[in-house]
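Asks: Pasting a structure here, questions to come.
This is the structure we're talking about:
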């Protein structure tokens with residue numbers, strides 16, 4: 403009986419491993435440590451896992467928008483010169499490489515950052531996507547925390563300003579339509595208790611399965627810090643492990659599951 407339950411555990415773990423197929427981890431892109439790719443080679447896109455990430459690079463202004471990928475680790479330098487680093491200093495779960503999305507918005511960018519599935523195997527074409535990890539970039543985080551020449555310090559002088567910075571994620575269906583959006587607050591200062599205000603500084607899992615069957619994703623941003631030319635908050639977000647397994651909420655859950663199954667086997671023998 404014990405062998406049967408141990409076999410069940412192994413099958414369960416194997417099924418989780420299979421669910422990890424076609425994850426966009428960005429580690430397959432072969433990026434050297436402390437560097438980034440921003441589309442300056444004019445390739446207009448890159449592929450990680452089974453997803454195509456679109457990029458628009460303007461050689462006249464040495465500017466880009468859409469998707470880049472990075473292994474930058476600088477968590478302390480403010481400003482646009484550090485636009486490729488995640489505030490965590492690494493990818494999700496300590497990995498080296500992660501994706502960075504930037505939306506130039508009203509400042510002359512192309513379409514909002516977007517990606518599509520089924521690039522290699524078509525396994526993820528028109529299917530449910532589990533989710534991804536997201537966090538702030540160092541540039542956006544420090545801009546909201548301290549303010550700068552273009553953006554305000556979130557919360558204002560007193561800390562009472564009800565500021566927020568929101569990532570808006572929409573699925574794209576096979577019919578070319580948008581799904582209802584999933585919102586993820588990268589910063590939220592709307593609480594009556596200022597001690598609850600936060601700016602995201604760790605990798606946070608966002609469940610995207612509620613978008614249903616989709617062929618792609620589109621990302622946009624919303625902020626309370628808006629000027630005459632559009633949003634002042636740097637419109638960046640870092641992402642990792644797209645379509646990966648959701649994090650296990652309780653450490654050692656496999657051990658707990660094993661103990662429970664073995665206890666059940668013992669009870670059945672009795």
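In our numbering, the protein residues as written are 403 to 672. Glycine is no exception: its CB is placed at the ideal position from the N, C-alpha and C atoms. This one's a predicted model, so the numbers in the text were calculated from it and none came from an experiment.
1) For a test of the three-state rule: what should DSSP assign to residue 581, helix, strand or coil?
2) With a threshold of 8 Å, are at least 3 pairs of Cβ atoms found where one atom belongs to the region 537 to 547 and the other to the region 488 to 507?
3) May I ask which residues mark the beginning and end of the beta strand (DSSP E) holding residue 527?
4) Just how far apart, CA to CA, sit residue 612 and residue 599?
5) To the nearest angstrom, report how far apart residue 579 and residue 554 are at their CA atoms.
6) Nearest CA to the CA of residue 435: which residue from 499, 523 and 457?
7) DSSP state of residue 423, grouped into three classes?
8) The alpha helix (DSSP H) spanning residue 545 covers which residue range?
9) Quick one: grab the DSSP three-state call for residue 495.
10) Let's test the definition: count the other Cβ atoms within 10 Å of the Cβ of residue 423 and tell me whether it reaches 16, buried, or not, exposed.
11) Mind checking which residues open and close the beta strand (DSSP E) that includes residue 471?
12) Exposed or buried, which one is residue 482 when buried takes at least 16 other CB atoms within 10 Å?
Replies: In terms of the structure at hand:
1) Here residue 581 sits in coil by DSSP.
2) yes
3) Residue 527 -> no beta strand (DSSP E), and no H or E assigned at all.
4) 27 Å
5) 35 Å
6) 499
7) Summary for residue 423: the model assigns pLDDT 49, below 50, so the residue's position carries little reliability; its value from the coordinates is reported in the next sentence. Three-state DSSP puts residue 423 in coil, outside helix and strand.
8) 540 to 548
9) helix
10) Reliability fails at residue 423, whose pLDDT of 49 lies under 50, so the model's placement of it is uncertain and no value is given.
11) Note, residue 471: beta strand (DSSP E), 465 to 472.
12) exposed
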